[in-house]
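Student: My structure is below; once you've seen it, I'll send some questions.
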Amino acid sequence: TDYGAMQGKDAVRDIHADWSDDEIIYAGQHQVRKAPPSVNMVLSMPLGVDRDAFRNAVRDFVDAELRPRVDVMLAFHDDTEHPHAHVTVRGRQHDGKTFNPGPPVLAHFREVFAGALRHRGIEAEATPRCARGHTMKSERSHARHMRAKGLIPRTERAAIQDAFRDLQRARNGASHPEDEEKLRPWVKAARERHAGVKAVYTAAARELAASANPADRKLAQQVEQFVRSMPAPMFAHDLYKQALERQLAQRAKPPPTTVKQRDGPER
Numbered sequence: 001t002d003y004g005a006m007q008g009k010d011a012v013r014d015i016h017a018d019w020s021d022d023e024i025i026y027a028g029q030h031q032v033r034k035a036p037p038s039v040n041m042v043l044s045m046p047l048g049v050d051r052d053a054f055r056n057a058v059r060d061f062v063d064a065e066l067r068p069r070v071d072v073m074l075a076f077h078d079d080t081e082h083p084h085a086h087v088t089v090r091g092r093q094h095d096g097k098t099f100n101p102g103p104p105v106l107a108h109f110r111e112v113f114a115g116a117l118r119h120r121g122i123e124a125e126a127t128p129r130c131a132r133g134h135t136m137k138s139e140r141s142h143a144r145h146m147r148a149k150g151l152i153p154r155t156e157r158a159a160i161q162d163a164f165r166d167l168q169r170a171r172n173g174a175s176h177p178e179d180e181e182k183l184r185p186w187v188k189a190a191r192e193r194h195a196g197v198k199a200v201y202t203a204a205a206r207e208l209a210a211s212a213n214p215a216d217r218k219l220a221q222q223v224e225q226f227v228r229s230m231p232a233p234m235f236a237h238d239l240y241k242q243a244l245e246r247q248l249a250q251r252a253k254p255p256p257t258t259v260k261q262r263d264g265p266e267r
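Reminder that position 67 of the sequence shown reads as 67 in full-length UniProt numbering, one-by-one numbering, no gaps.
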């Protein structure tokens, strides 16, 4: 933190109390937007990344983008295979404004962090999921923690129920692909975005393949291979439906019959 390294739960409680004091002061000022005590972000990298370089890159990013305008608390976790850091940002900035980064700011953060990683010798790019051929978001940390305790997040329960209803409609012949897009407009948007990304890559590969430079033609082959390997858009709803279909199919199987074997000749 800005106060140095913290040790123990008491230090964390002190930080929380300090950050909450401002909200008591601002509570009666209606012209000031209400702010949460803190905003949490997680920075992570795949297995095998140098942990010391990762730590330094995280500190570089925080020092450049966050500390000049807001208080920050960092926690590095070494108890998992994937190195990751929890960045807890005070909800109220030094200028009194709420810390509420929208998509453009978060995209800028990703670019700066990727640059910090490269500066520390770690290969990284700040490309959006759609450019990498992925449509599903990563699972949120609080959902992982709930599942580790044997709990099912409320949003997941609702999604499973929705998938079951959709599966029932499909079995009754009352469900069509266009109905899904009407119920979930983001599905249609994601599919259109996915098709657009593939079209851009395909056009780039075609242009590279026409180049006189052998390196460009080789790159064209790699781009074409990447396009072929891009999976169709998948959503959590689809995964739940597939899991339910497997369970129903398993239950529909007849129980195995057992034939008792007799010893010796029949009489």
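Glycine included, each C-beta is placed from N, C-alpha and C at the ideal position. Here the structure is a predicted model, which means the values were calculated and not measured.
Between the C-alpha atoms of V227 and A204, what's the straight-line distance to the nearest angstrom?
Tutor: 11 Å
Student: Since H86 sits in a beta bridge, which residues does DSSP pair it with?
Tutor: V42, A75
Student: Using only the alpha-carbon positions, how far apart do L219 and K198 sit?
Tutor: 16 Å
Student: In this structure, how does DSSP classify T202 when only helix, strand and coil are distinguished?
Tutor: helix
Student: Name the two residues that bound the continuous alpha helix (DSSP H) containing Q225.
Tutor: 214-229
Student: Measure the beta-carbon distance from L47 to V58 and round it to whole angstroms, keeping in mind my assumption that it falls under 8 Å.
Tutor: Not quite, the Cβ-Cβ distance comes to about 17 Å (not below 8 Å), so this is no contact.
Student: Could you give the first and the last residue of the continuous alpha helix (DSSP H) run that contains G115?
Tutor: 103-119
Student: What distance in whole Å lies between the Cβ atoms of P101 and F109, which are believed to be in contact at a cut-off of 8 Å?
Tutor: 7 Å
Student: Can you check which of these residues, A159, A170, A85, G196, is closest to L239 by C-alpha distance?
Tutor: A159
Student: How far does the alpha helix (DSSP H) with A170 in it reach, from first residue to last?
Tutor: According to the DSSP assignment, A170 belongs to the alpha helix (DSSP H) that extends over 154-171.
Student: Taking A89 and L66 to be in contact with their CB atoms under 8 Å, please state how far apart those CB atoms are, rounded to whole angstroms.
Tutor: It is worth fixing the name first, because residue 89 is Val in this sequence and not Ala. That pair is a contact at about 6 Å.
Student: Looking at the unbroken alpha helix (DSSP H) that takes in Q242, where does it start and where does it end?
Tutor: 236-252
Student: With 9 Å set as the bound, which would you pick, yes or no: does the beta-carbon of A215 sit closer than that to a beta-carbon of chain B?
Tutor: The structure shown has no chain B; it contains just one protein chain.
Student: Can you give the Cα-Cα distance for Q250 and A116, rounded to whole angstroms?
Tutor: 50 Å
Student: Out of R69, E207, R92, which has the shortest C-alpha to C-alpha gap to V224?
Tutor: In the sequence as presented, Val is not what sits at residue 224; that position holds Glu. Nearest of R69, E207, R92 to E224, Cα basis: E207.
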